[in-house]
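Asks: With the sequence shown counted from 1, adding 5 to any position gets you the numbering used here.
We put the CB at the ideal spot given by N, CA and C, even for glycine.
Note that the coordinates shown come from a computational prediction; the quantities given were computed from them, not determined experimentally.
First the structure, which I've put down as structure tokens, then a few questions once you've had a look.
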Amino acid sequence: MGEIENPYLNTIYRQVVTEHFQSNEWREILINPEGASTTLRDESTLPRSGGHCFKDIPNRFIFWRVLYDKLELVEYSLDMNLTENQVRIHFRDSPVLESGISVYETLESVVLLVPTACSCHRLTFPRPNRLENDNENDNVLLDSSIFSNFNVPSIDDPATFYSYNAELSHPYSAASCLDQKHDAIFIIALQNNVMLYIRMEYISGLPTLKEICQESAVPRMLSNITKVFSTHIENPVINSLAVHPFQQDIYVYSLDDTCELKVWSIDKSVYIYIMDMKKIYAASTENGSRPHIIHKSFDDQLLLTIYLSLSESSTFVVLEPCTDHGMFKLQQKFYVRSPVNSRLVDMSLYDNEIWCIWRTGKDTACVKSVNIRNGVWKDCSLDITAFEQPSQYSSNPKQTYLDKIFSSSTYFTNDDLKNAIAVYDTSDGCEFITDYRTKISNAIDTKVAQEMDKYDSSDIESQMQLIEQCSASFYKSCLDYRRKRLAPLGLIWLGSPSFLVVVVTNSSFCFLRPSDQIENNIFSFKNPDNETKLNNLFNVLMSEPKNNFNLFLDINMSQKSFLELVRSAYMFNSSDPIISLFLNGCNVLDTIRLLIKMLHADPETDEDMEDTLYSKCFRSKLGISVVSHSFHQIAVTRFDLCCRLFTFMELNSKSYGQTREYVVDASNLAYSYWIQALFSHDIKLCEKMISSNALLAREPFMDYIDNLLNYTWPLIDASTLVEFLLQEGQYTFIQQIAELLDFNKWEETLIISYMLNNDPDKALKILKSDLKKNLDNFLKAITLFEKYSYYEHAVKLGNHALKICTYTENKNMTSMFHSNIFLNNLKLKAYRSAYNNILCLEDQDRKLNCLHTFVLTLLENNEKEELLSFNFYGLQSSVEDIVLKKARSLSNVDADPFYMFLCSIHDKYAKYKKLSMTFYELYLRADTCVAQEQYLRLSLLYLEILNPNDAWFVTVSLPFLSKTDYVHDGIIQIEHLKKLCWLARARQEIEDSTTNMDVQSVISILLMKHKYKDVMRLSKMWNLSLCQPLRELVKTCLSLVDSEECDKAWIWLADNGVSGNGIDSGKIAWHFLETLVNRYEEEGKTLIHYHVADELLRHKSFLPNWIVKTFKERNVGELLQLYLSYGELINCADLILELIEKEISSDDTVSAFGKTIPVDIIECVIVNLKHNNLQAGDEVLNKYKIFYDKIVAQENKIKCF
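If you want it as structure tokens, here you go:
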């Protein structure tokens, strides 16, 4: 038997039907056996099945289903999701002998032995991996099925099959096993009373074939004598076989139709033991119409379970093969009479229990189990849904039945609905259906239209009856197909840790699970061995077994309507003798108290759930489905019981005046289980919660369900349940729970649900209704309103809280609420109210913080005019600082609105100096030269408005200034702004983005662009040299020697504002030079003239008359010096001669040489002339002597006077 004994041996099992997981998509493999095919086929044969649960891998199992020559193999796990887990093998025209299929696990592989009517197959699959308990695999819920790599080449390998020819003998039964060497052993029963023994060696597949027949059991002579005296007796027909190694031999166990159990030795080829089962167990009873069955179970020991099919009191016997003093014998372990005389479909011995399936009618069955230790039979509660007429009249019966069909997403499968639709709608459109409800509705309408011809079209009542009949007929058809799908074929015991039983059905599979304590009491209250007060109470409460949960699917039902529906659906008749007897016979309150205690969940046991080891079982889609459906079953069962208890206690209270305390308890329990039942009724929702919370898992299976009941128990604290519902958007469900049960512990979740459901008024109403609420809770609630953008409700709640604060005199809380109300008024754009909230604040820091938020929010919302409308008494400086700091923290583009508001507020209060400073700061941050000039002009404009003594401001950040520009202590005055203004304008001539270019660089680039006029203006304003620009102009003028350059000159002349009206551009350029020199030369000075003359002489050019004339008038010596320095001796001589001649011939007291005669220069010229042997040297010398004598005579004359 199993290592862990089943703790639920005495517990009734209950069927659990999950979603339909078995797919219609199969990997098909076709095999053509080499033996002679058979055409014998019984079309009425039902599918047969079997299965196997892996020993060391919990909850993983395979099962097979046989229909004639097709073998369907399916693997599932409750813990892992398996891929490619369905294979269908078609042994063409060779019926599979399903009784001979067996599964064995070796260290390396899983071996499936399959005999057919003409072949034997050894199918080998990889052994699945065990799920290890390490953290790395916590989230790995996907694995490959052992069938995933199964293919035709592997099954066609000659070492894996053997074909035999038994065409004339018609094989009909078989058995198989692996021997001690892992050789495959097959025993085939033939209709000619012969058994075939086939051995296939482990690796090579080498076959051995031997016939075993009845004659081999006795000497041939005795056999002939027997034939003489008993020629009228037919040979017994073998009904069932089993084969298993025994010591060093292979023993075959055959059970024939005479109830003789024979044990055959393969080595000896004779039967070595015979047991007359009928003589021992049913001497006076005839055989039944069904064959006897022998079933082998082998774990720690080999046991044979025998089913003797008798006309009355069929019997189960468990035998153990053993030896007694060296002699083989079959020792009886257990026997019991069958409680059912219907056809036995399947039986299996698992863990001290014999599980049996009987077919009781078409597509109906019953499942029972018997404990071989005490012989007590247990019923299994199967999911049998009979057709029920609607209890109330419906004006739309079709919709009523459609609602019944679709009340659960998992009750009917798509195949059930398709099959039912096909009965009504024979068109080819049933394969691809997306909207089943509409398709069914149309099918019913079609049927009604076909039948309507039989009725009077004016008879409305008859038409309604027809619609009701057709709708009911369709619903019955759905139930029939569901019943057919779930008709059981075989059982698989999963053992620890689930202790579940897999029920393989016609086209699906389901489970049997242990019932919980409440269910077990309900299912066994009629057991005469359990005469207790509690059972008597159950007998009264469950007198009408119908479960009315389908009446309670409306989640929006009010508390009053709910209780009224409970009273009407579960009404007890006080005149019923059973009820009267129970009420009069004893004090029921003690029993009621016990039942209420049993019905209460205990969530406190799961408070330390995270510190408890949790199971890694039941985590596949199938496992989660079994858990969720089981949870739903238990919740519905308990809800049904609580409703019965509630109405019974009301009856008790009314009739006998006993306390209503238990009525309230029963109603609260009914509310709680209704909530759990409704939650789990949405199977997908329930499965999502289970799959997302691995910590809930427990072992064994029923502990997991108990844990779920405790985890979602809403009566004491529904926090965990409603939080999950909130995540899934089940807001109405949360609010319904609050209508029924106390929500103080999860009020926040309820409030959020109202907000998310666009019903904040109810949330506000709940918050205001609690007069004892802590002020901190109000703050949290206000935060929630803000989070979901219900600012108006946040303001209302804040004002409500402020009223409470006036009584508590809590200044800190008052400030906090004012701050919260301010923020929400701000979001509502109720700016006046928000500003009043600021004024109400006594805390200066909080007030400034709110003011900061207020100002910036309005500016960010482009509410400049609104913001300017506030006077900000006593807060103007703070507002200015806030805006200025914000502006300085932003990029130029983002900061512009803040600077503009700052300018507006300065202008509003006539703060022109601050206004000028603001524009100056904008100039510093400007991205373009145009903007720089604009801001500088505005700054200059407002600074000039001020009194001259106040027309200045201090800046901490100045643009680059030339060394000649002097700004004392960072003080900006009008003249500075003007200079910067001209510089900004000059930069525009270069490029609009050259905002940081210094004045010298600007001048250099302007010179390259021939912008001489602008350069001269800038140089003059910034105290830079005026000579260098003019030198460049001289060079440009000198270059105007060819027509091309002259044409280009018109462009730059125009840029400098000079036009010539067709005159030669060269002349215009020289005239422009003259104009600039005369404009910027200081009075009586020749500095600029000197640089222009120097540049001309440097390029060996003549000096224009206007330059020479100016030098003659202002500083002739400087001109002579220039001439001399460039070797212009002739020009020097001519100039000297001209000046001497003028001086000699003139009587004017004013010297032609000016105030000082440049004697040194004249003498130097004479020396150079002489040195170079120039003729003019003598002339200049003579003239100089005459001039000198005159000058000396004049000086002596002056001295004499």
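Alpha carbon to alpha carbon, how far is Ser319 from Ile560? Give it in angstroms, no decimals.
Replies: Cα to Cα, Ile560 sits roughly 51 Å from Ser319.
Asks: Spatial neighbours of Tyr667 within its chain, please: C-beta separation below 6 Å, excluding the five flanking residues on both sides.
Replies: Ile597 and Met654.
Asks: On a Cα-Cα basis, can you pick out the residue from Tyr340, Ala786, Cys371 and Val375 that is closest to Tyr355?
Replies: Among Tyr340, Ala786, Cys371 and Val375, the Cα nearest to that of Tyr355 is on Val375.
Asks: Go to Tyr109, then tell me how far its alpha helix (DSSP H) extends in each direction, as first and last residue.
Replies: Taken as a continuous stretch (DSSP letters only), Tyr109 belongs to no alpha helix (DSSP H), being part of the beta strand (DSSP E) at Ser107 to Glu110.
Asks: Only counting the same chain, and skipping five residues up and downstream in sequence, which positions put a Cβ closer than 8 Å to that of Val233?
Replies: Summary for Val233: the model assigns pLDDT 38, below 50, so the residue's position carries little reliability; its value from the coordinates is reported in the next sentence. Closer than 8 Å at Cβ, skipping near neighbours: no residue.
Asks: Can you tell me where the alpha helix (DSSP H) holding Leu856 begins and where it ends?
Replies: That run of the alpha helix (DSSP H) goes Gln849 to Glu865.
Asks: If I follow the unbroken alpha helix (DSSP H) through Leu783, where does it start and stop?
Replies: It is Phe, not Leu, that sits at residue 783 in the sequence shown. Segment Leu780 to Lys792, the alpha helix (DSSP H) holding Phe783.
Asks: Using the beta-carbon count (16 or more within 10 Å), is Asn138 buried or exposed?
Replies: Because Asn138 carries a pLDDT of 48, less than 50, the predicted location of this residue cannot be relied on, and the following value inherits that uncertainty. When all chains shown are included, Asn138 counts as exposed.
Asks: Quick check on the burial criterion: 16 or more other C-beta atoms within 10 angstroms. Buried or exposed for Pro158?
Replies: Exposed, because fewer than 16 other Cβ atoms sit within 10 Å of the Cβ of Pro158.
Asks: What is the rounded straight-line gap between the Cα of Leu713 and the Cα of Phe636?
Replies: Computed Cα separation, rounded: 7 Å.
Asks: When DSSP labels each residue in this structure, what does Met280 get in the three-state scheme?
Replies: Here Met280 sits in strand by DSSP.
Asks: Apart from the five residues on each side of it in sequence, which residues of its chain come closer than 7 Å, Cβ to Cβ, to Lys1195?
Replies: For Lys1195, where only same-chain residues beyond five positions count, the Cβ hits under 7 Å are Ile1149.
Asks: Terminal residues of the continuous alpha helix (DSSP H) containing Gln252?
Replies: Here Gln252 belongs to no alpha helix (DSSP H), and DSSP marks it neither H nor E.
Asks: Excluding five sequence neighbours on each side, which residues of the same chain lie with their C-beta closer than 7 Å to the C-beta of Ser1024?
Replies: The residues are Ile1008, Ser1030, Leu1031 and Pro1034.
Asks: Taking the C-alpha atoms as reference points, what is the distance between Ile203 and Ile217?
Replies: C-alpha separation (whole angstroms): 11 Å.
Asks: Out of Arg127, Ser563, Val545 and Leu35, which has the shortest C-alpha to C-alpha gap to Ile583?
Replies: Closest option to Ile583, Cα to Cα, is Val545.
Asks: How is the beta strand (DSSP E) around Ile217 delimited, first residue to last?
Replies: Pro212 to Cys218 is the span of the beta strand (DSSP E), which, as asked, contains Ile217.
Asks: Could you compute how far the alpha carbon of Cys599 sits from the alpha carbon of Asn540?
Replies: Checking the sequence shown, residue 599 turns out to be Leu, not Cys. So the two alpha carbons sit approximately 12 Å from each other.
Asks: Taking Phe417 as the reference, which of Lys481, Gln470, Gly366 and Asn841 has the closest Cα?
Replies: Per the Cα distances, Lys481.
Asks: I need the DSSP call for Phe516, collapsed to helix, strand or coil.
Replies: Three-state DSSP puts Phe516 in a strand.
Asks: Three-state secondary structure (DSSP) at Pro120?
Replies: If DSSP states are grouped into helix, strand and coil, Pro120 belongs with the strands.
Asks: If Lys66 and Leu499 are in contact, beta carbons under 8 Å, what's the gap, nearest whole angstrom?
Replies: Correcting the residue identity first, residue 66 is Phe in this sequence and not Lys. About 6 Å; that satisfies the 8 Å criterion.
Asks: Pick out whichever of Ile62, Lys60 and Gly56 has its Cα sitting closest to the Cα of Leu76.
Replies: The shortest C-alpha separation from Leu76 is found at Gly56.
Asks: Counting beta carbon pairs with one atom in the segment 106-125 and one in the segment 165-176, are three or more of them shorter than 8 Å?
Replies: With the cut-off at 8 Å, the segment 165-176 and the segment 106-125 touch.
Asks: Which one or two residues does DSSP pair with Asp708 in a beta bridge?
Replies: DSSP output for Asp708 lists no bridge partner at all.
Asks: In whole angstroms, what separates the C-alpha of Leu542 from that of Arg132?
Replies: One C-alpha to the other measures close to 52 Å.
Asks: Take Glu10 as the anchor and find which of Leu147, Ile17 and Pro502 has the nearest alpha-carbon.
Replies: Here the closest residue by C-alpha is Pro502.
Asks: Taking only three categories from DSSP, how would you classify Met205?
Replies: Three-state DSSP puts Met205 in a strand.
Asks: Taking the CB atoms as reference points, tell me whether Thr999 and Arg992 lie closer together than 7 Å.
Replies: Yes; because the gap between Cβ atoms is below 7 Å, this pair is in contact.
Asks: With H, G and I counted as helix, E and B as strand and the rest as coil, what does DSSP make of Pro493?
Replies: Three-state DSSP puts Pro493 in a strand.
Asks: Excluding five sequence neighbours on each side, which residues of the same chain lie with their C-beta closer than 7 Å to the C-beta of Tyr486?
Replies: Contacts found: Asp421, Asn424 and Ala425.
Asks: Looking at the structure shown, is Ser694 part of a helix, part of a strand, or coil, going by DSSP?
Replies: Ser is not the amino acid found at residue 694; the sequence shown has Met there. Met694 falls in the helix class under three-state DSSP.
Asks: Helix, strand or coil for Tyr1193? Go by DSSP, reduced to three states.
Replies: In the structure shown, Tyr1193 sits in a helix (DSSP, three-state: H, G or I).
Asks: CB-CB under 6 Å to Phe877, same chain, minus the five flanking residues each way: which ones, in chain order?
Replies: The residues are Val884.
Asks: Would you report the Cα separation of Phe623 and Lys773, rounded to the nearest angstrom?
Replies: Approximately 46 Å between the Cα atoms of the pair.
Asks: Measuring only the C-alpha atoms, how far is Asp901 from Arg893?
Replies: Rounded to whole angstroms, Asp901 to Arg893 spans 10 Å at the Cα level.
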